[in-house]
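Counting from 81, one number per residue, gives the positions in the sequence shown under our numbering.
Read the structure below first, then the notes.
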Amino acid sequence: MDNDTGTGNDSNSDNPENNPGNQEQNNAGGKGNNISEDGKQPVENVDDILVIVNKKRYLESDYKPVDLVIPNVKFSFDGEHEKKYMRKEAAEALEEFFGQAYEEGIYIFALSGYRSYNTQKWLFENRASKIGEEEANKLIARPGESEHQTGLAMDITSQSVQFDLKEKFGETEEGKWVKDNAHKFGFIIRYTKDKEDITGYNYEPWHIRYVGKEAAREIYNKGIAFEEYFD
């Protein structure tokens, strides 16, 4: 979710297997009745691969995954940066994903993975100062509500979109390949065009989220949003 300048923006920029209904609560890590007046609740089971972070389930400001590593893939930028990191399992899956892409002549690049709470706070406040908080909330995650803080998400790009995060990436050869193959490696396109009312974010063909092969395959085959996987 959300690129370095915004979410859904086309500018530069406890896991019971037999009860899916309860699975969402447990994977998301909601703390029971600890729900605020606006319907939001903190995520408790933060290290679950199937954890849900969205506009209603947020991560605490001090959360940082303990197993962050830099995947051995090509990035669209040079130098050291926190956004090169992912959780180890997700990073290894990304390496396999990118490896297959390159074998098939699909040249994709990693752009933005892990993002700290404070970085997200700066990004949101910077955007809100320019377009207003209400509009910013449609385009970029508030601090604590970004999947990037989980270390399980990666924004990807290609030369065909000038190494940027643009909606038209979904129309490119690279974007179509990503859509058709991500699930084989445990990733999903987290914010699809037809599920904006459920995810709360605009279509982002560049944002892939690691959920593991089993969940990714089911989500892809059924054409559902991540939130719907637990219904």
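Glycine included, C-beta positions come from ideal geometry on N, C-alpha and C.
Item: For Thr366, which option in Tyr194, Arg270, His263 and Tyr138 has the closest C-alpha, if you only look at C-alpha atoms?; Value: Because the chain here runs from 81 to 311, residue 366 falls outside it and cannot be looked at.
Item: Per the contact definition of three or more C-beta pairs closer than 8 Å, is the segment 255–275 in contact with the segment 197–214?; Value: no
Item: Give a yes or no on whether the C-beta atoms belonging to Pro223 and Gln200 are separated by under 7 Å.; Value: yes
Item: Can you list, in chain order, the residues of its chain whose CB lies under 6 Å from that of Ile299, leaving out five sequence neighbours each side?; Value: Ile268 and Tyr309
Item: Consult DSSP for Ser209 and reduce its assignment to one of helix, strand or coil.; Value: helix
Item: Contact criterion: CB-CB distance below 7 Å. Does Asn206 meet it with respect to chain B?; Value: Here chain B cannot be found, since the structure has a single protein chain.
Item: Tell me, which residues are paired with Arg137 by DSSP?; Value: Gln121
Item: One question on the structure: do Tyr197 and Ser141 come within less than 7 Å of each other, judged by their Cβ atoms?; Value: yes
Item: Quick check: what's the CA-CA separation for Phe178 versus Leu203?; Value: 28 Å
Item: Below 8 Å on the Cβ atoms is my contact criterion, and I expect Ala233 with His287 to pass it. Report the Cβ-Cβ distance as a whole number of Å.; Value: 6 Å
Item: With contact counted as at least three CB pairs below 8 Å, one residue from each stretch, are the segment 166–173 and the segment 248–255 in contact?; Value: no
Item: Quick one: residues in its chain with C-beta nearer than 6 Å to the C-beta of Pro145, no 5 flanking neighbours on either side, listed in chain order?; Value: Arg167 and Gly231
Item: Can you give the beta carbon distance from Thr272 to Ala305, rounded, assuming they're within the 8 Å contact cut?; Value: 7 Å
Item: How is Ala181 classed by DSSP in three states: helix, strand or coil?; Value: helix
Item: Looking only at its own chain, which residues have a Cβ that is under 8 Å from the Cβ of Tyr283, when we skip the five neighbours before and after it?; Value: Gly88, Glu247, Gly250, Tyr271, Thr272, Lys273 and Glu276
Item: Would you grab the beta carbon distance between Glu225 and Val133 for me? Rounded to a whole angstrom, and I think it's under 8 Å.; Value: 6 Å
Item: For Phe155, count the other beta carbons within 10 Å of its own beta carbon; 16 or more makes it buried, fewer makes it exposed. Which is it?; Value: buried
Item: Kindly identify the DSSP beta-bridge partner or partners of Glu284.; Value: Tyr271
Item: Take Glu307 and list the residues in its own chain whose beta-carbon comes closer than 6 Å to its own, dropping the five residues that flank it on each side.; Value: Ile278
Item: From the DSSP output, in three-state form, read off Ile220 for me.; Value: coil
Item: To the nearest angstrom, how far is it from the Cα of Leu317 to the Cα of Thr237?; Value: Nothing about residue 317 can be reported from this structure: the residues present for the chain run from 81 to 311 only.
Item: Mapping the DSSP letters down to three states, classify Val291 as helix, strand or coil.; Value: coil
Item: Kindly list the residues whose CB is nearer than 6 Å to the CB of Lys152, restricted to its own chain and excluding five residues on each side of it in sequence; keep chain order.; Value: Note that residue 152 is Asn in the sequence shown here, rather than Lys. Closer than 6 Å at the Cβ level, and outside the excluded window around Asn152, lie Glu175.
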